[in-house]
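Here the sequence shown is numbered in full-length UniProt numbering, starting from 1 and rising by one per residue. In this text, a Cβ means the ideal position worked out from N, Cα and C, and glycines have one as well. Computed from a predicted structure; not experimentally measured.
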Amino acid sequence: MVVDPGQLRLLALIERHGSLTAAAHALQLTPAAVTQQVVKAERDWQVPLVIRGPRGATLTAAGALLASHGRTVEEASDKAEAQLAALLGHLSLRLRIGTFQAAALHLLPPALTALRHRHPDADVSVVDVVSGRGADEISAGRLDLAIVASWGTPLAPPPHLRAHPLLLDPMVVVLPDDHPLATGQPADTELHLEQLRDESWVSILAGHAAREQFHDAAREAGFTPTVRFETESYDVAQALVGTGIAVALVSRLALTHAPGTTHRELAHPRPYRQIYAVTRTDAGLTPLADMLIDLLRDVARDITATWEAPQQEGQRSSNSPHGA
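Written as structure tokens, this is what we have:
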């Protein structure tokens, strides 16, 4: 015979409350439904379990024996419910974040500061994760949210994950500060990539999406770039540009203003990377994730406004009769 814990618990409740009606109320069932369950239990156990009388219900010796085990079931159920509530309370305050370097420096800190003001008891952790691994880390249960980048093509995560767009991060040209294109033109001058066809380049390593985007942009501009130096890091690329030996295409968010460098915006259509926050599609256990995404979007809007302000000022100056 397969023991039904629900039947044991029902008998314990009948014993405690002394009636089928009171047991039904405790289980949030109708008296008729409880009566049917008692009939089924007696059929399953093949022995009378409950004696019904005008003043309520009592248990037979067999029913009392089973009810003693039902009390154990009920205690275990109450303990499980309390432990689950504690776990869900902990999970609701936990947020495990993965991010790449530029987002960790510029996007995440203001958003985390605002989050901790709202939830000072939040259990937040952050780890460095390259963009290509963020979704896998969430799928494996090691992260709740990952900030990732996609170069030029929309991110398409699997159905159990959701991508939340945060920021369009345009690519800019980083030049040695004594480069003719840096010294001979106003600082807000936009460059066309074909103007740099004869340059030596520092580029992201082959096989990375950023490198593929760079070569696609150069091909559309009508040249094959001469790549002299390769690196995984925009920081390293900018440091090498500062020596005067090459130029580089770098994300606007990743600009470090390394000594010996300056940068120029590219004319439209310019290459860019799209930055996303990735979460599980069902983020019910991590409510802080949705809150952080809203805060990250606020930070992203502020960053975008900062980038656009000098361009708008330059346009106003060029349109002014005194600005030339």
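Query	Result
Cβ separation of Leu205 and Ala102, assumed to be a contact under 8 angstroms, to the nearest whole Å	That belief does not hold up - the Cβ atoms of Leu205 and Ala102 are roughly 17 angstroms apart, past 8 angstroms.
Bridge partners - Glu265, DSSP secondary structure assignment	Val172
Range covered by the beta strand (DSSP E) that runs through Thr279	272 to 280
N-terminal and C-terminal residue of the alpha helix (DSSP H) that Val47 is part of	Looking at the DSSP string, Val47 is not in any alpha helix (DSSP H), and its letter there is neither H nor E.
Those residues which DSSP pairs with Ala123 across a bridge	The sequence given here places Asp at residue 123; Ala does not occur at that position. According to DSSP, which records beta bridges pairwise, Asp123 is partnered with Arg94.
Buried versus exposed, by CB contacts within 10 Å (16 or more), Leu192	It should be pointed out that residue 192 corresponds to His in this sequence rather than to Leu. With fewer than 16 other Cβ atoms within 10 Å, it is exposed.
Residues sharing a beta bridge with Glu230, DSSP	Ser203
Residue burial classification, Ile51 (beta-carbon count within 10 angstroms, cutoff 16)	exposed
Residue span of the alpha helix (DSSP H) that contains Leu112, given as start and end	108 to 118
Limits of the alpha helix (DSSP H) - the one that Ala210 falls within	209 to 220
Coarse secondary structure for Asp188, derived from DSSP in three states	coil
Span of the beta strand (DSSP E) around Ile147	145 to 151
Ala26 in three-state terms, based on DSSP	helix
Ala111 burial status per 10 Å Cβ neighbour count (16 or more: buried)	buried
contact_flag[the region 144 to 157, the region 272 to 284] where n(CB pairs < 8 angstroms) is 3 or more	yes
Assigned exposure category for Gln238 - 16 Cβ within 10 Å defines buried	buried
Where Ser251 falls: helix, strand or coil (DSSP)	strand
Beta-carbon contacts of Val241 that lie in its chain and below 8 angstroms, excluding the five residues immediately before and after	Val174, Leu175, Pro176, Val202, Val247, Ala248, Ala258, Gly260, Thr261
The ligand FMN heavy atom lying under 6 angstroms from the CB of Leu255	As for the ligand FMN, it is missing from this structure, which has no ligand bound.
Counterpart residues of Asp290 in DSSP-defined beta bridges	Per DSSP, none; premise fails for Asp290.
Residue range of the unbroken beta strand (DSSP E) whose run includes Ala182	Taken as a continuous stretch (DSSP letters only), Ala182 belongs to no beta strand (DSSP E), being part of the alpha helix (DSSP H) at 180 to 183.
Anticipated Cβ contact below 8 angstroms, residue 328 with Asp144, distance rounded	The question about residue 328 has no answer here: the residues shown for the chain are numbered 1 through 324.
Distance CB(Ala221)-CB(Glu194) smaller than 7 angstroms	yes
Euclidean distance between Cα positions of Gly244 and His117	45 angstroms
CB of Asp123 within 7 angstroms of CB of Arg94, strictly	yes
Simplified DSSP assignment, three categories, for His164	strand
Nearest candidate by alpha-carbon position, reference Val127, set Thr113, Leu105, His119, Ala114	Leu105
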